[in-house]
Amino acid sequence: MNNLHDNTPVAAYNADKQELIGVFASTSLVSKYLYPVGVGNKGRSNQKIHSALRTKKRLSDTVLPNDVALRFANEAQKQMMNGEDYVIFKGYPVPLKRTMQVPDSRYTK
104 MNNLHDNTPV
114 AAYNADKQEL
124 IGVFASTSLV
134 SKYLYPVGVG
144 NKGRSNQKIH
154 SALRTKKRLS
164 DTVLPNDVAL
174 RFANEAQKQM
184 MNGEDYVIFK
194 GYPVPLKRTM
204 QVPDSRYTK
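Each residue of the sequence shown is one higher than the one before, counting from 104 in this note's numbering.
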């Protein structure tokens, strides 16, 4: 049951501005983006992602300075990915490809 949504594309939104941050190919990728290594353990961050998708609650303890809302990606958002693992929109930090960590510390709380 832990990987129930792992292969399902996820859209992450800035809940404060109500704008799209990015679209990710799986819950694992969005988990690595919002909760990089060293910010808790992997299992706990995956639980938070799955819970946020089920309950539609905002995440306030991510590396981003704003609250994040997660939703299952719609067809238009899936097409935006164009075969990539993720797409991040302008104004939001692009993670390092290998680790999915946000490279700029100004985005950490």
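Each residue gets a CB set at the ideal place from its N, CA and C atoms; glycine is no exception.
Going by DSSP, A115 is part of the beta strand (DSSP E) stretching over 113-117. In the structure shown, the three-state DSSP call for A179 is helix. For L132, the secondary structure class from DSSP, reduced to helix, strand or coil, is helix. Look at the beta carbons and you see the region 169-182 touching the region 117-137: at least three pairs across the two are nearer than 8 Å. In the three-state DSSP reduction, R157 falls in the helix class (H, G or I). In the structure shown, L199 adopts coil according to DSSP, grouped into three states.
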